[in-house]
Structure formats: structure tokens, C-alpha cells
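Colleague: In our numbering, the protein residues as written are 12 to 253. Note that beta-carbon positions come from the ideal geometry of N, C-alpha and C, so glycine has one too. Can you read through this structure? Questions will come right after.
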């Protein structure tokens, strides 16, 4: 069984040092830092009370100690041949363990600032949601059902319920099991559906933190019930990533 995403192919001290030598051999390049992301710890939820959840928790316990030793050895080896200004590690899901490593000088934990839906599946970290997607009610096709315009902003990864948006408000709603969250429409059911009216808004949370910027030009900044500003996403700034 395998956990985590396919990221860097560098896993041993020898592989890291070979890359360092290649960087140093190229005019115009200078190595100033290292990043070692333990995605199998930071990026995998472990709260499920299932055999899979038990396997994840066991893997994280074993991998935390192993990755600390391997990362420390790699950093020490690189520092023997060049100076490093920083060593970046971790993520929102591994702040506690990565923060205990002397070899790491900074921890990347950007996803936790927004609190996307995937973090509902972590034991050690439960952030306050800070980014919501508003989907408008456009139809009432039957009693106890309200249909939203769009809403199917599915997160990348293996398709499954954990990649769907999470319904944040109002409480008492669920996706219709025959349709889920769809690109064109999203029917919602449950006790609160009967109270929804055409033109109303249902607030969703995306499963991941940065991916809503693929769809939106700007984020509206809200304090209480007041819109206090707007900030562009990278699409709103007119940038194009190929």
C-alpha cells in the first residue's frame, strides 16, 4: 500500500548531493535552500475509523521518526559542500512533528490559513474555515429539494466523496446521492432545503485550499457581514500558467 503524492524523485543523501553538484556546475544558478515535503504525513488524512485510517495512523507514526533522520542526514551532507539560507519542510498536517526537527528552519503551512474541507479528516488539526464559495439557488424542482447553479468544483486527486465541496451553511443540507456536486447544477436535500428560496445562497467549502483560484478572478474579503475589500487571485492578475 502506498500513501501520499508523487513529488520529488530524490530520496537518498546521494541523490540529493548529485543534484547539488549539477546546480553548482551551471553558470547563473546558486543553491540557497532546500525543501523537503513529507506529503505522506502532511497530506494524508488520518481520522477515519476504518482499517485504512488505522493503516494511515501507523504509517505516520513510523514515517515521522524515519523522515526526521533522513532529512537531517541530507541537510548535513549539503551543508558540507555549500551554505544554506533555509530548509523548508512540512505542511499544515505535520506542523507538530516537523517543528521538532532541528534541521528545519521554516515550516510551510499555507493550506491551514484557509481551512479547506480535506482537513476535516485530520485528527491533530482542525482549522476554522476562511474561504467559502457561494452557490445560488435557481430552482425548487420538488418538495425538500433545492437546485444550485454549478457548485461542482471538484478537487484534484482520486475521485471520491472527500474531493467534493463541503456544505458549510445552512446546516442540515446534503448533496443528492444520485447527482452529488455537479458542474452545471447541484441539487441539495435535507431538512434545511425546504427553507431555501430561489435567489438564496448556499455556502460551500472547497476540498483544497488553492484550487478555487483556478475558477475565480478575485476573492471578496468579508468581516462579519460586510465586504471590506477584494484581492485578485493569480488569474485575476492576468497571469497564465502553462
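1. Given this structure, state the Cα-to-Cα distance separating residue 253 from residue 243, to the nearest angstrom.
2. Let me confirm a value: residue 45 is counted as buried when at least 16 other C-beta atoms fall within 10 Å, else exposed. Which label applies?
3. Can you tell which of 228, 24, 237 and 165 has its C-alpha closest to the C-alpha of residue 245?
4. Rounded to whole angstroms, what is the Cα-Cα separation between residue 198 and residue 72?
5. Looking only at C-alpha atoms, which of 89, 79 and 135 sits nearest to residue 109?
6. Along the chain, where does the beta strand (DSSP E) containing residue 44 start, and where does it finish?
7. Quick one: what does DSSP say residue 133 is sitting in, helix, strand or coil?
8. Give the straight-line distance between the Cα atoms of residue 95 and residue 14, rounded to the nearest whole angstrom.
9. CB residue 187 to CB residue 200, shorter than 8 Å?
10. According to DSSP, is residue 14 helix, strand or coil?
11. Between the stretch 104-123 and the stretch 132-141, do three or more beta carbon pairs fall short of 8 Å?
12. Would you say the beta carbon of residue 179 comes nearer than 7 Å to a heavy atom of the ligand GDP?
13. Assuming residue 164 and residue 172 make a contact with CB atoms under 8 Å, what is their CB distance in whole Å?
14. Which word fits residue 113, buried or exposed, when buried means at least 16 other C-beta atoms lie within 10 angstroms of its C-beta?
15. Leaving out five residues on either side along the sequence, give the residues of the same chain with a beta carbon under 6 Å from the beta carbon of residue 195.
Modeller: This is what the structure gives:
1. For residue 253, the predicted model reports a pLDDT of 45, less than 50, meaning its position is unreliable; a value from the coordinates is still stated below. Near 19 Å, if we compare the C-alpha coordinates of residue 243 and residue 253.
2. So residue 45 counts as buried.
3. It is 228.
4. So the two alpha carbons sit approximately 40 Å from each other.
5. Here the closest residue by C-alpha is 79.
6. 44-47 is the extent of the beta strand (DSSP E) around residue 44.
7. Correct three-state label for residue 133: coil.
8. Straight-line Cα distance between these residues: approximately 30 Å.
9. Cβ atoms of residue 187 and residue 200: closer than 8 Å.
10. In the structure shown, residue 14 falls within a coil segment according to DSSP collapsed to helix, strand and coil.
11. Two segments are said to touch when three or more pairs of C-beta atoms, one from each, lie closer than 8 Å; by this definition the stretch 104-123 touches the stretch 132-141.
12. Absence of the ligand GDP is noted for the structure shown, with no ligands found whatsoever.
13. The Cβ separation is near 14 Å, so there is no contact.
14. Under this definition residue 113 is an exposed residue.
15. Excluding residues within five positions, none has a Cβ falling inside 6 Å.
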